[in-house]
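**Q** Supplied in structure tokens, the structure appears directly below.
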Amino acid sequence: MYVPPEWPQEVRPPSVPDWETSAVNWLLDAVPPDYRAYDVLRRHPLALARMAIHHVNAAVTAARAGYRGAQVELKGHLPPHAIDAVLDVYREEGPRLVRLARSIEVVERALRGEGFTATLRQRS
């Protein structure tokens with residue numbers, strides 16, 4: 248079975264029996280640890296995926312806001328090299344969070360029963 252490039256390697260493909268268990272474990276790693284206390288999220292992986300995408304999208308928004316404001320907010324409190332290092336963290340974390348959000352979205356699609364097909368892209 249084809250899975251898109253955004254499919255997380257930690258999650259077994261939907262064609263494998265009991266793949267949802269690996270999806271639940273992976274999704275629980277994407278949300279705050281307190282979410283593990285709610286059995287309903289393990290019983291209903293689609294609900295967990297929805298909560299995870301909201302959580303990660305909020306983190307993307309927060310990272311973008313943090314990046315935009317870091318120089319002004321930290322100026323005078325941190326030396327310039329430390330502010331540059333903080334900006335570097337945002338430059339790494341922002342794209343990682345966006346990739347995570349895309350991976351959660353494809354796992355959610357599979358949990359909804361959608362299949363994936365490979366598409367050929369024409370080179371221009």
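According to my numbering, the stretch in the sequence shown is residues 248 to 371, in order. Beta carbons: idealized from backbone N, C-alpha and C, even for Gly.
1. Among all the DSSP beta bridges, which residues are the ones paired with residue 325?
2. Can you tell me whether DSSP reads residue 292 as helix, strand or coil?
3. When you compare the stretch 290-304 with the stretch 265-281, are there three or more beta-carbon pairs, one atom per stretch, that lie closer than 8 Å?
4. Please classify residue 332 as buried or exposed, where buried requires at least 16 neighbouring CB atoms within 10 angstroms.
5. Can you list, in chain order, the residues of its chain with a C-beta nearer than 8 Å to that of residue 255? Leave out the 5 residues immediately preceding and following it.
6. The alpha helix (DSSP H) with residue 267 in it runs from where to where?
7. Do residue 347 and residue 319 have their C-beta atoms closer together than 7 Å?
8. From the DSSP output, in three-state form, read off residue 365 for me.
9. Based on Cα-Cα distance, which residue from 338, 253, 249 lies nearest to residue 263?
**A** From the atom records:
1. 322, per the DSSP bridge assignment.
2. In the three-state reduction of the DSSP assignment, residue 292 falls in the helix class.
3. Verdict: yes, contact present.
4. Exposed, by the Cβ-count rule.
5. Closer than 8 Å at Cβ, skipping near neighbours: 273, 350, 354.
6. First-last of the alpha helix (DSSP H) with residue 267: 266-277.
7. No, they are not a contact pair.
8. Of the three classes helix, strand and coil, the one that applies to residue 365 here is coil, per DSSP.
9. Ranking 338, 253, 249 by Cα distance to residue 263 puts 249 first.
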